[in-house]
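Undergrad: According to this note's numbering, the residues represented by the sequence shown are 10 to 255, in order.
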Amino acid sequence: MENLLHSFSGVAAIFFPVGRIKKGGTCEFASQKCLYECAAFKNGNYDNSIPYETKRRIYTEILNEPINRLIPRIVKEMTKMDTKILYWFASGDCPRKLTLKLSELIIRLSEKYVMTQQGFTRNKKLWQLLNGRHHNIRFCLTIESEDKIAEKDKEGTLFAIPNYKTGNVKIIGYPWIISKPRFEYHCGGAAFIPSYKSKIHTYYSRKEFKVSQCHDCQICYYEKKGCHSEMEQTETNYTSHSNSRH
Ligand code: SF4
């Protein structure tokens with residue numbers, strides 16, 4: 010059986026086909042601009058060089074296989090890839106018809122296997138279903154501008170705002186404790202925070218570092234930055250329910 014997961018940004022990732030549904034893609038909620046500028050097309054020579062047929066197969070298998078069969082497959086592949094982080098929609102997105110199934114699959118994976126899951130989606134329903142469901146699930150809702158964030162959506166959530174000129178994405182977070190200020194990070198274009206020196210690594214600016222992709226999600230995970238801000242970490246991998254709040 011062929012893989013569902015491929016490596017991306019230092020972790021395991023799911024790639025779905027890019028583009029409008031009627032053209033064989035999965036980006037049902039994409040804006041015109043986003044379809045035109047999409048990094049999954051533009052940077053096809055890097056991590057994202059998975060052929061369309063492979064992405065289509067992965068999408069079709071996830072669409073058609075029962076959750077009970079998908080879970081052991083994903084767990085097995087992640088163990089083989091030696092990662093505890095699963096990145097959804099390294100390309101493509103969750104179309105409307107997969108929303109309920111994917112939310113259940115993602116929640117069950119995190120609850121049962123203590124798996125950290127992240128992703129960028131324009132599917133607001135999926136983002137709503139996943140928000141606050143488990144401490145190891147953090148999805149960004151991609152929107153075109155910060156003005157579009159409604160007050161009611163601001164608690165314990167993450168938003169991503171693409172910068173089509175630089176290829177970076179601004180990640181805006183609203184903490185769980187409402188009195189805390191919003192926080193901001195930058196990701197993509199290999200620049201998490203330009204030349205920011207972390208304990209583990211130096212992040213390079215886009216100019217210094219030519220590869221136009223996110224640098225390494227594991228660094229964000231261990232430093233609780235970017236998508237993993239405020240996230241609880243666990244060293245337990247695929248074995249226990251004990252760290253789950255549910
Ligand atoms: S902010 Fe960090 S965790 Fe999120 S996609 Fe970028 S590199 Fe990965």
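Glycine is no exception: its CB is placed at the ideal position from the N, C-alpha and C atoms.
Would you mind giving the Cβ-Cβ distance between G101 and K133, rounded to the nearest angstrom? I have them listed as a contact below 8 Å.
TA: On the sequence shown, position 92 is the one that residue 101 refers to. On the sequence shown, position 124 is the one that residue 133 refers to. Contact flag wrong, Cβ pair sits at about 16 Å.
Undergrad: Have a look at the DSSP bridge pairing and note the partners of E193.
TA: Taking the first residue of the sequence shown as position 1, residue 193 is located at position 184. DSSP lists I181 as partners of E193.
Undergrad: Restricting to Cα atoms, I'd like to know which of P104, E155, L150 is closest to R29.
TA: As a working mapping, residue 29 is identified with position 20 in the sequence shown. Selected option, being the one with the closest Cα: P104.
Undergrad: Return the chain-ordered list of same chain residues with a C-beta closer than 7 Å to the C-beta of G19, the five sequence neighbours on each side being excluded.
TA: Looking up residue 19 in the sequence shown gives position 10. Result list for G19: D225, C226, Q227, in chain order.
Undergrad: Taking the alpha helix (DSSP H) that V84 belongs to, which residues open and close that run?
TA: On the sequence shown, residue 84 is found 75 positions in, with the first residue counted as 1. That run of the alpha helix (DSSP H) goes 76–90.
Undergrad: For ligand 1, any of its heavy atoms closer than 6 Å to the Cβ of G128?
TA: In the sequence shown, residue 128 corresponds to position 119, counting from 1. No; taking the cut-off as 6 Å, the Cβ of G128 has no heavy atom of ligand 1 nearer than that.
Undergrad: Should S258 be listed as close to ligand 1, given that the test is whether its C-beta is under 6 Å from any heavy atom?
TA: For the chain, the structure presents residues 10 to 255; residue 258 sits outside this window and is missing.
Undergrad: The beta strand (DSSP E) spanning I71 covers which residue range?
TA: Working through the sequence shown from its first residue, we reach residue 71 at position 62. I71 -> not in any beta strand (DSSP E); alpha helix (DSSP H) instead, spanning 61–73.
Undergrad: Tell me, please, which residues DSSP counts as bridged to R147.
TA: As a first step, residue 147 is located in the sequence shown; it is residue number 138 there, counting from the start. DSSP lists Q127 as partners of R147.
Undergrad: Using a Cβ-based criterion (distance less than 6 Å to any ligand heavy atom), does G235 qualify as near ligand 1?
TA: In the sequence shown, counting from the first residue as 1, residue 235 sits at position 226. Indeed, a heavy atom of ligand 1 lies less than 6 Å from the Cβ.
Undergrad: Which residues mark the beginning and the end of the alpha helix (DSSP H) in which I115 is found?
TA: If you number the sequence shown from 1, residue 115 lands on position 106. Looking at the DSSP string, the run of the alpha helix (DSSP H) that includes I115 is 108–122.
Undergrad: Between the Cα of I39 and the Cα atoms of T92, K89, T130, T69, which residue gives the shortest distance?
TA: The sequence position of residue 39 within the sequence shown is 30, counting from 1. One point to set straight first is that residue 39 is Ala, not Ile, in the sequence displayed. Out of T92, K89, T130, T69, T130 has the C-alpha closest to the C-alpha of A39.
Undergrad: What do you get for L13, buried or exposed, if any count of 16 or more other CB atoms within 10 angstroms of its CB means buried?
TA: Against the sequence shown, residue 13 aligns to sequence position 4. With 16 or more other Cβ atoms within 10 Å, it is buried.
Undergrad: Relative to ligand 1, is the shortest distance from any of its heavy atoms to the C-beta of C47 smaller than 6 Å?
TA: Against the sequence shown, residue 47 aligns to sequence position 38. No, since every heavy atom of ligand 1 falls outside the 6 Å radius drawn around the Cβ of C47.
Undergrad: In three-state terms, what does DSSP make of N12?
TA: Against the sequence shown, residue 12 aligns to sequence position 3. Coil at N12, not helix or strand.
Undergrad: Over what stretch of residues does the beta strand (DSSP E) that includes I94 continue unbroken?
TA: Here residue 94 refers to the residue found at position 85 of the sequence shown. Unbroken beta strand (DSSP E) run through I94: 94–100.
Undergrad: I need the boundaries of the beta strand (DSSP E) containing I170, first residue and last residue.
TA: Translated into positions along the sequence shown, residue 170 becomes position 161. First-last of the beta strand (DSSP E) with I170: 166–171.
Undergrad: Is the closest heavy atom of ligand 1 to the C-beta of C36 under 6 Å?
TA: Taking the first residue of the sequence shown as position 1, residue 36 is located at position 27. Every heavy atom of ligand 1 is 6 Å or more from the Cβ of C36, so no.
Undergrad: Using a threshold of 7 Å, state whether the C-beta atoms of M87 and A21 are closer than that.
TA: Numbered from its first residue, the sequence shown carries residue 87 at position 78. Numbered from its first residue, the sequence shown carries residue 21 at position 12. A contact, by the Cβ cut-off of 7 Å.
Undergrad: Once you ignore the five residues that flank L138 on each side, which residues in its own chain have a CB closer than 6 Å to its CB?
TA: As a first step, residue 138 is located in the sequence shown; it is residue number 129 there, counting from the start. Closer than 6 Å at Cβ, skipping near neighbours: S112.
Undergrad: Which first and last residues belong to the alpha helix (DSSP H) in which I228 is found?
TA: Here residue 228 refers to the residue found at position 219 of the sequence shown. Element bounds for I228: 226–232.
Undergrad: Which residue comes first and which comes last in the beta strand (DSSP E) that contains F24?
TA: On the sequence shown, position 15 is the one that residue 24 refers to. Taken as a continuous stretch (DSSP letters only), the beta strand (DSSP E) holding F24 covers 20–24.
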